[in-house]
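Trainee:
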């Protein structure tokens with residue numbers, strides 16, 4: 118999953134001279150990266166034959182937020198030009214958010230199992 122994201126980011130930086138004028142805000146970019154992580158995880162676990170490193174694979178995710186792959190590429194290109202690039206912060210923020218969501222899901226699963234045990238014992 119990390120390899121795929123690294124490839125996407127590398128391609129973004131390599132071909133970052135696109136003419137798109139939309140710059141994706143950091144908060145939205147974090148959400149997009151979260152969705153990419155989730156999609157990659159799903160593809161790796163349930164559809165291993167799916168070519169998940171293609172541009173078309175990410176288009177629906179970007180479209181959901183109103184952006185194109187060119188906007189995504191342009192944003193990362195512009196971010197890479199800054200001295201203090203925020204790319205690593207964005208990826209870290211997405212991972213932290215997903216970890217918080219996972220912890221919440223584990224909590225609710227444990228609560229559900231406790232309630233289910235109570236019904237079974239009755």
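In our numbering, the protein residues as written are 118 to 239. Ideal Cβ placement from N, Cα and C applies to all residues, glycine included.
Here's a check: name, in chain order, each residue in its chain whose Cβ is nearer than 8 Å to the Cβ of residue 182, leaving out the five neighbours to either side.
Mentor: 141, 145, 148, 149.
Trainee: Would you mind reading off the limits of the alpha helix (DSSP H) that contains residue 235?
Mentor: Where residue 235 is concerned, the enclosing alpha helix (DSSP H) stretches over 204 to 238.
Trainee: By the three-class DSSP mapping on this structure, what secondary structure does residue 178 have?
Mentor: Three-state result, residue 178: helix.
Trainee: Which of helix, strand or coil does DSSP assign to residue 140?
Mentor: The answer is coil: DSSP assigns residue 140 none of H, G, I, E or B.
Trainee: For residue 178, count the other beta carbons within 10 Å of its own beta carbon; 16 or more makes it buried, fewer makes it exposed. Which is it?
Mentor: When all chains shown are included, residue 178 counts as buried.
Trainee: Give me the Cα-Cα distance between residue 204 and residue 224, rounded to the nearest whole angstrom.
Mentor: Using only the alpha carbons, I get a separation of about 31 Å.
Trainee: Would you mind working out which of 211, 232, 231 sits nearest residue 152, comparing C-alpha positions?
Mentor: When only C-alpha atoms are compared, the closest one is 211.
Trainee: Would you identify the three-state DSSP class for residue 199, choosing helix, strand or coil?
Mentor: The answer is coil: DSSP assigns residue 199 none of H, G, I, E or B.
Trainee: For residue 192, count the other beta carbons within 10 Å of its own beta carbon; 16 or more makes it buried, fewer makes it exposed. Which is it?
Mentor: Under this definition residue 192 is a buried residue.
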